[in-house]
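Enquirer: Got a structure here, written out as structure tokens. Questions coming.
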Amino acid sequence: AKVNVFQMILLICVSLALTYLGLDKVGGIAALYEKTPKHFWNLAQPASDPQYPWYAILLGYPVSAVAFFCTDQSMVQSVLGAKNLEQGQLGVSFIGWLKILSLPLFIVTGILCYVLYPDLANPDMAYMTMVTNLFPPGMNGLVIVVLIAVLVGTIGSCLNSLSTVFTMDVYVKKINPTATTKEIIKVGRYTVIAGCIFAILVALAIDNIQGLKLFDVFQAVLGFIAPPLSVVFLSTVFWKRTTKKAVNFTLSIGSAISLGIGVCYLWVFPSSEYTFWPHYLVLSFLIFALLTILSVVISLADSSSAVYVVNEEHQANIEKPSRRVWISFGALTVIMIALYIFFNGH
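Encoded structure:
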């Protein structure tokens, strides 16, 4: 955890320095504003916008956000590692505050690249173009080291989570309940190797996606993974009638449906060639809506007990959020709303 914090601080400092140097070369934030199209500063684009229409953002992003921030093992693992409930809640709030830094660190940096290097052929190279042209050679090396360190840390966290979940929840519980510690460690190592091979194959497949920028590729892939996860999380949290059959159906058949549509959208009938596809975020929402309906129908038709049985005594003993937690989340909500209003008035 300490290593991750150190890497985060380094990445933020490097990115802030890059933004500062870019603004200095352009002539300041006022000059940057004058040299860019006004719609660059609006988060909500018209419905006619081919890349990011407002309705696609409104419908699709919440589906991906719920899956990423509420079910991703690397996120959940960090929160569960907190000393107590309040620390975990404040940690989640702190992540929200860090997201605000995306504006100066990434969005403004991209706009700076648009102004400074208008002839850049590949938009995916914007960040490294800024780094190589604005930083001295020594700083270039530092940036590369920081990026590699963050990437390796993320990969390590994901592989560790994969190994833990498979060995403890699948192998020990379902396959070999009497497994020794040595056998569990051996299976965990094999799981990591299999995860690495699978990740390499996925990376090669993603590299062959045509017609989408790197950012869109990431969002599209996440958009097709997210619907079943979001449906299960939201239904089990907010509707206690959800049954085990509905959860199993959504995670198995629902994932097959969602990923199958994703494969067709990205590879078999790519959206760059076949224009009948809606925006990938809209498609993600439609899959989410379909799986939600199926989950509700299966739960209502299933006579078995719900996944979560309310324990009144346990409910009464749940620790309420502290005043500090309410203040932190309240202030964050106000700031986020203010930013959305400000970046939609240009």
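Read left to right, the sequence shown gives residues 18 to 363 (the working numbering).
All residues carry an ideal CB built from backbone N, CA and C; glycine is no exception.
Output the distance between the C-alpha atoms of I315 and V125, rounded to the nearest integer angstrom.
Expert: Between I315 and V125, the C-alpha separation is close to 47 Å.
Enquirer: Report the option in G228, F359, L102 whose CA atom is closest to the CA atom of V342.
Expert: Comparing Cα-Cα distances from V342 to each of G228, F359, L102, the minimum goes to L102.
Enquirer: Distance, Cα to Cα, S272 vs D41?
Expert: Those two C-alpha atoms are separated by around 48 Å.
Enquirer: Among V189, I214, V162, K190, which has the Cα closest to the Cα of L176?
Expert: Checking every option, the nearest Cα to that of L176 belongs to I214.
Enquirer: Any idea which residues DSSP pairs P245 with across the strands?
Expert: Paired residue(s): none; P245 is not in a bridge.
Enquirer: Quick one: what's Q62 bridged to in DSSP?
Expert: P70.
Enquirer: Is the beta carbon of P338 sitting closer than 8 Å to the one on Q104?
Expert: Contact: no.
Enquirer: Please tell me whether T181 and V204 are closer than 8 Å, where the distance is taken between their beta carbons.
Expert: No, they are not a contact pair.
Enquirer: Pick from L311, F359, P245, G277: whose alpha carbon is nearest that of A84?
Expert: Looking at the Cα atoms, P245 is the closest of the given residues.
Enquirer: Locate the alpha helix (DSSP H) running through C281, then write down its first and last residues.
Expert: From DSSP, C281 is part of no alpha helix (DSSP H); its letter is neither H nor E.
Enquirer: Leaving out five residues on either side along the sequence, give the residues of the same chain with a beta carbon under 7 Å from the beta carbon of L137.
Expert: Same-chain partners within the cutoff: C130, A143, T146.
Enquirer: If you pair each beta-carbon of the region 148 to 163 with each one of the region 242 to 262, do three or more pairs fall below 8 Å?
Expert: No, because fewer than three Cβ pairs between the region 148 to 163 and the region 242 to 262 fall closer than 8 Å, the two stretches do not touch.
Enquirer: So, for I226: in the same chain, excluding its five sequence neighbours on each side, which residues have a beta-carbon less than 6 Å away from its beta-carbon?
Expert: The answer, listed in chain order, is V234, L283.
Enquirer: For the putative contact between S178 and Q62, defined by C-beta atoms under 8 Å, what is the C-beta separation to the nearest angstrom?
Expert: Not a contact, Cβ separation roughly 35 Å.
Enquirer: Got a sec? Which residues, its chain only, sit under 7 Å from I46 by beta carbon, not counting five neighbours each side?
Expert: Contacts found: L40.
Enquirer: Consult DSSP for L137 and reduce its assignment to one of helix, strand or coil.
Expert: Note: L137 maps to coil in three-state DSSP.
Enquirer: Please report the straight-line C-alpha distance between K190 and S275, rounded to a whole angstrom.
Expert: Going by the C-alpha atoms only, they are around 28 Å apart.
Enquirer: CB L300 to CB I278, shorter than 8 Å?
Expert: In contact: L300 and I278 (Cβ atoms closer than 8 Å).
Enquirer: Between L108 and the rest of its own chain, which residues show a CB-CB distance below 8 Å, the 5 nearest in sequence each way excluded?
Expert: Note that residue 108 is Gly in the sequence shown here, rather than Leu. Answer for G108: S95, V96, A99, listed in chain order.
Enquirer: Roughly how many whole angstroms lie between the Cα atoms of V169 and L231?
Expert: One C-alpha to the other measures close to 19 Å.
Enquirer: Please classify A22 as buried or exposed, where buried requires at least 16 neighbouring CB atoms within 10 angstroms.
Expert: Note that residue 22 is Val in the sequence shown here, rather than Ala. Exposed.
Enquirer: Give the DSSP-derived three-state secondary structure of D224 in the structure shown.
Expert: Of the three classes helix, strand and coil, the one that applies to D224 here is helix, per DSSP.
Enquirer: Go through its chain and collect everything with a Cβ distance to L49's Cβ below 7 Å, but skip five positions before and after it.
Expert: Excluding residues within five positions, the ones whose Cβ falls inside 7 Å are L40, V43, I128, L129, V132.
Enquirer: Return the chain-ordered list of same chain residues with a C-beta closer than 8 Å to the C-beta of Q236, the five sequence neighbours on each side being excluded.
Expert: Same-chain partners within the cutoff: S81, Y297, L298.
Enquirer: Taking the alpha carbon of V249 as the reference point, which residue from K262, S289, L159 has its own alpha carbon closest?
Expert: Checking every option, the nearest Cα to that of V249 belongs to K262.
Enquirer: Report buried or exposed for S110, applying the criterion of at least 16 other Cβ atoms within 10 angstroms of its Cβ.
Expert: Answer is buried; the Cβ neighbour count reaches 16.
Enquirer: Among the candidates K55, V163, S174, I74, whose CA atom is the shortest distance from the CA of S91?
Expert: Closest by alpha carbon: S174.
Enquirer: Give the single residue among S312, S345, I117 whose Cα lies nearest to the Cα of W257.
Expert: Reading off the sequence, residue 257 comes out as Lys, not Trp. Nearest option by C-alpha distance: S312.
Enquirer: I want to see whether chain C comes within less than 8 Å of N193, judged by CB atoms only; does it?
Expert: Protein chain content of the structure displayed is limited to a single chain, and chain C is not contained in it.
Enquirer: Please return the same chain residues whose Cβ sits closer than 8 Å to the Cβ of T36, not counting the five positions on each side in sequence.
Expert: Hits under 8 Å: P121, L122, V125, T126, L129.
Enquirer: Please return the same chain residues whose Cβ sits closer than 7 Å to the Cβ of L60, not counting the five positions on each side in sequence.
Expert: Closer than 7 Å at Cβ, skipping near neighbours: Y357, F360, N361.
Enquirer: On the DSSP letters alone, give me the boundaries of the alpha helix (DSSP H) that A196 sits inside.
Expert: First-last for A196: undefined, no H or E at that position.
Enquirer: Taking all protein chains shown into account, do 16 or more other C-beta atoms lie within 10 angstroms of the C-beta of Y188, making it buried, or fewer, making it exposed?
Expert: With 16 or more other Cβ atoms within 10 Å, it is buried.
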